[in-house]
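Just so you know, we're using this note's numbering here: the sequence shown kicks off at 39 and counts up by one.
Report on the following structure.
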Amino acid sequence: MLAPHRVRRACDCASKKRLLEVVAGLIADGSPGLDENRLCESFNTRERLGSTGIGEGIAIPHCRFKDCRTATAALVTVERPIDFAAIDDRPVDIVFALVVPEEAAEAHLQLLARLAGLFSDHAFCARLRACRDAAQMHHCLGAAWEHGAAAP
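This is the structure in structure tokens:
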């Protein structure tokens, strides 16, 4: 679900809009049928329904997408926290973006629940924030996910 090339550390994004463009680009990269602009539009449409900022500096933008064949994700940290209209009004510095096939409603909800649980773990988030590069971030997330079951 999360390939190493879809992880970015200390991304220089000045806005929520730009951050969603970055994660859409990361997810579309190397994914046949996933158009970056349409993905970004889908993320923005979902955000208009309500912010995916879950608090404590974390956002999990997500959408179901017709041309998606398998769950695909991107993980990004930002240099300077961004206003994401999160439920606690804190700016966001960690973003895990998720795209799943349109017909995978149940799997989508299960993944979101699992991700929300993982990212509500303060110790895990502290380890992720302390990572010095994207490879460490990928390893940190993979180890935490594996500790709970199958890796992303």
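Beta carbons: idealized from backbone N, C-alpha and C, even for Gly.
Membership of T83 in the alpha helix (DSSP H) is indicated by the continuous run 74-87. Leaving aside the five residues that flank S69 on each side, the residues in its chain whose CB is nearer than 7 angstroms to its CB run, in chain order, T110. C49 has V116 as its beta-bridge partners, per DSSP. In this structure, V137 is the residue among V137, C163, R152, A145 with its C-alpha nearest to the C-alpha of E79.
Closest option to D67, judged by alpha-carbon separation, among H43, L156, G155, C101: H43. Our two residues, M175 and C169, have alpha carbons roughly 6 angstroms apart in a direct line.
Restricting attention to A124, F81, D73, V45, the CA atom closest to the CA of G95 is found in A124.
In this structure the stretch 115-131 does not touch the stretch 142-150; the number of beta carbon pairs closer than 8 angstroms is below three. Cα atoms of A142 and M39: separation of roughly 14 angstroms, rounded to the nearest angstrom. Bridge pairing for R102: V138 [DSSP]. Under the three-state reduction of DSSP output, I132 falls in the strand class. Straight-line measurement puts the Cα of H160 at about 15 angstroms from the Cα of G91.
Annotation for I125: no beta strand (DSSP E) segment contains it, and DSSP assigns it neither H nor E. About 6 angstroms separates the beta carbons of L72 and C106, which is inside the 8 angstroms limit, making them a contact pair. Per DSSP, G68 lies in no alpha helix (DSSP H) segment and is marked neither H nor E.
Leaving aside the five residues that flank A48 on each side, the residues in its chain whose CB is nearer than 8 angstroms to its CB run, in chain order, T115, V116, E117.
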